[in-house]
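Residue numbers (this note's numbering): 2 to 517.
Right, dumping it as structure tokens:
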């Protein structure tokens, strides 16, 4: 399995595309104006506790107040408030917490007005970026993430990622971390720590302590509200979370970003430093070179096409997302309808797992798979979908298929959903929008495959199409028509038709009759 990270920079934003064997699996955009990224820590001010919600609205500097629920305060809230007060007034200069006297944990079922008051200063961390009309969601249970470990101040607990299956490995990691963990800090051991030696874990922990110390130094002169800790830039945070030995290339088209990423990779994996490459071809944009623009056009939008005619319909409502699985006019060698349904459903499950990551869809997702009668087929589909979503870093839960063939998924939403417009203005009809021309080419190729591989194969086929599209198919080397010839061993005649609308096409046989 090959993984590549492609980074495109512009004056307004930086785009990150994660490829798995050449297929786009994640797409992220970092806006230069985004001051409220997940993981950032602010010294904020409580504006108004609300007993009815058991929550408080907090001023973090955003146009709308952030929302802080009682359950997001963290049990060590009293210790943190005491620490902030002593550091801010200069009474405490030792930030290691080893000699800091902690307070009693707050009641987990308490009332917010009993523990915090209006105008009180508090350290909070962004856990969900501002979405739509809502301000950011925050927590005062702080955590600072590293490559292998996550450090939690004012705690002594050591826990291990549930994705590490081996009990022996979990016990080994716990023993190692307890032997190096400083007093006053809890540690969460991440999945990528599996198999690592104590030296690597100690180096990561020391780096996290340095970040904590640097943040505490800012508290002495910080005003409320202000940002006191900045999460890694998106490129480094993506690498921190997904980088592993399967990465074969990191391609960057900006000098500054290239140097930043190269330095970060040399720090976390020196042996992989050579895979970071600077892309400086000014004639072909980096996303075009790696086929990302094409995949964006064909993967976003209401319809997501799959192989051999199957497709998904993805609808968005205020309450949830709905995905409908369609087999289309799929031709295959399955013996009966049940086998066809299973084949399409398994294919769709893989694409749905990809779509959720690609669009960063969150909340409730309901998938209407094709009905299957056999219980073993429904079980196989459920297990396949669960396996496909193992690489998804967002927290999620999948329920088994219902009697109606529906599968319900909940997926954590921490950022606005990636929504890219894939329709364009129809040149034949002002005011109307149609799918992008690149999607049309994929449709033509799919229809051609059905004609040439279907049960009733036609020996002579001509494609009648608008002159603009005809030129696109026939020009260049290798042209689209040449690729068809190499794939299907058949030469397709292209017939330009001035009378056709821009996106209209017909397949005809040697007698001039329309066959598709």
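No residue lacks a Cβ here, since even glycine has one placed at the ideal position from N, Cα and C.
Skipping 5 residues on each side, what residues in its chain have a beta carbon closer than 8 Å to that of residue i?
i: residue 462; result: 449, 452, 453, 491, 493, 494, 508, 509, 510, 516
i: residue 476; result: none
i: residue 381; result: 343, 347
i: residue 307; result: 313, 348, 349, 352
i: residue 262; result: 8, 236, 237, 240, 251, 253, 277
Quick one: what's got a C-beta closer than 7 Å to residue i's C-beta in the same chain, skipping five residues either side?
i: residue 208; result: 147
i: residue 519; result: Past the edges of the chain, shown from 2 to 517, lies residue 519, and the structure says nothing about it.
i: residue 229; result: 42, 43, 44, 216, 219, 220, 223
i: residue 128; result: 39, 138, 139, 140, 415
i: residue 249; result: 3, 4, 5, 276
i: residue 397; result: 390, 410, 411, 412, 413
i: residue 203; result: 181
i: residue 101; result: 84, 185
i: residue 520; result: Residue 520 falls outside the range modelled here, since the chain spans only 2 to 517, and no answer is possible.
For residue i and residue j, I'd like the C-alpha separation in whole angstroms.
i: residue 354; j: residue 115; result: 44 Å
i: residue 364; j: residue 483; result: 45 Å
i: residue 65; j: residue 58; result: 9 Å
i: residue 391; j: residue 505; result: 41 Å
i: residue 195; j: residue 175; result: 11 Å
i: residue 301; j: residue 442; result: 16 Å
i: residue 28; j: residue 471; result: 32 Å
i: residue 169; j: residue 177; result: 12 Å
i: residue 155; j: residue 87; result: 15 Å
i: residue 11; j: residue 25; result: 20 Å
i: residue 247; j: residue 383; result: 27 Å
i: residue 292; j: residue 49; result: 50 Å
i: residue 467; j: residue 485; result: 19 Å
i: residue 240; j: residue 352; result: 23 Å
i: residue 70; j: residue 502; result: 56 Å
i: residue 395; j: residue 359; result: 12 Å
i: residue 192; j: residue 393; result: 13 Å
i: residue 371; j: residue 337; result: 14 Å
i: residue 444; j: residue 265; result: 42 Å
i: residue 317; j: residue 362; result: 10 Å
i: residue 387; j: residue 399; result: 7 Å
i: residue 31; j: residue 376; result: 44 Å
i: residue 404; j: residue 132; result: 34 Å
i: residue 256; j: residue 92; result: 44 Å
i: residue 339; j: residue 402; result: 16 Å
In terms of alpha-carbon separation, which member of the options lies closest to residue i?
i: residue 497; options: 484, 512, 480, 473; result: 473
i: residue 159; options: 206, 387, 127; result: 206
i: residue 408; options: 394, 360, 414, 347; result: 347
i: residue 349; options: 311, 225, 92; result: 311
i: residue 18; options: 295, 481, 94; result: 295
i: residue 180; options: 404, 198, 193; result: 198
i: residue 55; options: 270, 101, 14, 110; result: 110
i: residue 513; options: 382, 464, 503, 479; result: 464
i: residue 51; options: 112, 396, 100; result: 112
i: residue 200; options: 149, 85, 213, 231; result: 149
i: residue 309; options: 272, 320, 341; result: 341
i: residue 190; options: 145, 124, 252, 481; result: 145
i: residue 126; options: 237, 231, 22, 261; result: 231
i: residue 67; options: 98, 31, 135, 297; result: 135
i: residue 14; options: 440, 258, 133, 124; result: 258
i: residue 124; options: 47, 23, 376; result: 47
i: residue 328; options: 304, 386, 375; result: 304
i: residue 95; options: 320, 269, 211, 487; result: 211
i: residue 122; options: 53, 82, 440; result: 82
Looking only at its chain, what residues have a beta carbon closer than 6 Å to the beta carbon of residue i, apart from the 5 residues adjacent to it on each side?
i: residue 245; result: none
i: residue 72; result: none
i: residue 378; result: 343
i: residue 62; result: 226
i: residue 366; result: 322, 410
i: residue 142; result: 75
With a threshold of 8 Å between beta-carbons, can residue i be considered close to chain B, or not?
i: residue 263; result: Reference to chain B is not applicable here, since this structure consists of a single protein chain.
Taking only heavy atoms of the ligand HEM into account, decide whether any of them is closer than 7 Å to the Cβ of residue i.
i: residue 37; result: Here there are no bound small molecules, and the ligand HEM is not part of this structure.
| query | Which ranges does the beta strand (DSSP E) cover as unbroken runs of at least 3 residues, wholly within the region 388-418, from first to last along the chain? | reply | 397-399, 407-412
| field | Every unbroken alpha helix (DSSP H) inside the region 260-324 [4 residues or more] | value | 287-290, 293-300
| Does the pairing of the region 108-122 with the region 76-88 give three or more beta-carbon distances under 8 Å? | yes
| request: Mind listing, in chain order, the continuous beta strand (DSSP E) runs of no fewer than 3 residues lying wholly within the region 44-124? | output: 56-60, 67-70
| request: Evaluate contact between the region 95-108 and the region 158-176, counting only Cβ atoms and requiring at least three cross-stretch pairs below 8 Å. | output: no
| the region 322-329 touching the region 276-289, judged by at least three CB pairs closer than 8 Å | no
| query | What beta strand (DSSP E) runs, 3 residues minimum, are completely inside the region 142-200? | reply | 150-154, 159-161, 186-190
| field | Sequence ranges, alpha helix (DSSP H) only - wholly within the region 339-394, length at least 4 | value | 376-389
| request: Kindly provide the ranges of any alpha helix (DSSP H) runs that are 4 or more residues long and lie completely inside the region 442-498, ordered along the chain. | output: 468-475, 481-489
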